[in-house]
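For any residue, its number in the numbering used here is found by taking its place in the sequence shown, counting from 1, and adding 22. Don't be surprised by glycine CBs; every beta carbon is placed ideally from N, CA and C. Remember, predicted model here, so these are calculated numbers, not experimental data. To keep things clear, I will list the structure first and then write my remarks on it.
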Amino acid sequence: MARSYKARATVLRKMRLGEKDLIVSLIAEDGSLLRAVAKGARKPGGSLAARLELFSTVDALLAEGRNLDVVAEARLAASRRDFDLEQAACAAAVAEMACLVAQEGLAHPRLFDMTNAALDRIADAQPADALAIACAYLLKALASEGVRPELSRCMACGEPIDATEGASRVFVSFESGGGYCERCQRPSDCMPVDAATVGWVNALLRLRFHDIPPLAVPLRASSAILQFARQWTRFHLGRDLKSLNFLLSGGLFE
Ligand SMILES: [Zn+2]
23 MARSYKARAT VLRKMRLGEK DLIVSLIAED GSLLRAVAKG ARKPGGSLAA
73 RLELFSTVDA LLAEGRNLDV VAEARLAASR RDFDLEQAAC AAAVAEMACL
123 VAQEGLAHPR LFDMTNAALD RIADAQPADA LAIACAYLLK ALASEGVRPE
173 LSRCMACGEP IDATEGASRV FVSFESGGGY CERCQRPSDC MPVDAATVGW
223 VNALLRLRFH DIPPLAVPLR ASSAILQFAR QWTRFHLGRD LKSLNFLLSG
273 GLFE
């Protein structure tokens, strides 16, 4: 008989498998990625489908399978079903990043709590604040992977980088993982980034999710941070965050 095990996990992605089944990607409590088949989950009125809601946390019973494990039972532990369109788009970016950094069979401390905290705060937030929380999650997830951008001091001379409102640009090198002052930057591998964007990146990396809404991060700043996080992810993790296409397509938050 197949061995079974229990797991508390949050649903990050659902993919169709044939007529009736789903492949579900979840992040487990230890931060590892679980991929499992939910048999019959696409049948109308199926109770398993209702419990495996996107972004919700479930207590699941899984049976080990030859290729993928199988979800035998699932009970909702925390439902996150009441997202509006903007919140859902922000939650999708969080879920995509979580899928990217979590790995099967590999514990990733804090990632489960961090992901749930971001989703909970997005559920409570106004659209512009939800977007800023998604930005913060992307940056924090990258930092948890060891690719936190060093943007407070020049990577070469160590001088503090001026990212205050009056400053103009910071020269960021994706390759060396941080910023340079005007004097030390080399045009061959540095990209100028608006100083205000760098200031927001530093602030979001430092703050807890529930401290973000009072900042009232402007939409323009959030868009710039999304672009920055996308490029940083592409360079350091070699993957594109596809959910950002929708977030950056314009119109959604205006
Ligand atoms: Zn310098």
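Does the distance from the C-beta atom of aspartate 43 to that of arginine 73 stay below 8 Å?
-> no
Do the segment 216-228 and the segment 123-135 meet, that is, are 3 or more Cβ pairs less than 8 Å apart?
-> no
Nearest to cysteine 157 by alpha carbon, out of Gln253, Glu276, Glu51, Leu34?
-> Gln253
Could you work out which residue in His258, Ala145, Phe275, Ile49 is closest to glutamate 126 when comparing CA atoms only?
-> Ile49
Neighbourhood of alanine 114 by C-beta, 6 Å cutoff - its chain only, sequence neighbours within 5 removed | Ser265
Would you kindly report the start and end of the unbroken alpha helix (DSSP H) that includes phenylalanine 116?
-> The displayed chain sequence assigns valine, not phenylalanine, to residue 116. Residues 107-123.
Just grab the DSSP bridge partners of serine 26 for me.
-> Ala85
With C-beta atoms as the reference, is leucine 263 less than 8 Å away from methionine 119?
-> yes
Is any heavy atom in ligand 1 found nearer than 7 Å to the beta carbon of alanine 178?
-> yes
Under 8 Å, do aspartate 216 and glutamate 197 count as touching if we go by C-beta distance?
-> no
Exposed or buried, phenylalanine 77, counting other C-beta atoms within 10 Å across all chains shown (16 or more means buried)?
-> buried
Using 8 Å as the threshold, is the segment 198-209 in touch with the segment 104-112, meaning 3 or more CB pairs across them?
-> no
Within 8 Å, strictly: CB atoms of alanine 124 and alanine 85 | no
What does a CB cutoff of less than 6 Å around tyrosine 159 pick up in its chain, not counting 5 residues either side in sequence?
-> Val116, Ala140
To which residues of the same chain is valine 223 closer than 8 Å at the C-beta, ignoring the five residues directly before and after it?
-> Leu161, Pro171, Leu173, Ile247, Phe250
Which parts of the segment 162-203 are runs of the beta strand (DSSP E), unbroken and 3 residues or longer, counting only runs that do not cross its ends?
-> 191-195, 200-202
In the structure shown, what three-state DSSP assignment does arginine 102 receive?
-> coil
When the Cα of leucine 122 is compared with those of Arg261, Gly272, Ser271, Leu270, which residue comes out closest?
-> Arg261
Excluding the 5 residues preceding and the 5 following valine 169 in the sequence, name in chain order all residues of the same chain whose CB lies nearer than 8 Å to its CB.
-> Gly199, Trp254, His258, Leu259
Compute every distance between the C-beta of glutamate 172 and the non-hydrogen atoms of ligand 1, then say whether any falls below 7 Å.
-> no
Classify alanine 31 as helix, strand or coil using the three-state DSSP reduction.
-> strand
Just to confirm, does arginine 191 get its C-beta within under 7 Å of one of the non-hydrogen atoms of ligand 1?
-> no
Could you say which of Thr186, Met177, Leu237, Ala238 lies nearest to arginine 208 if we only look at CA atoms?
-> Met177
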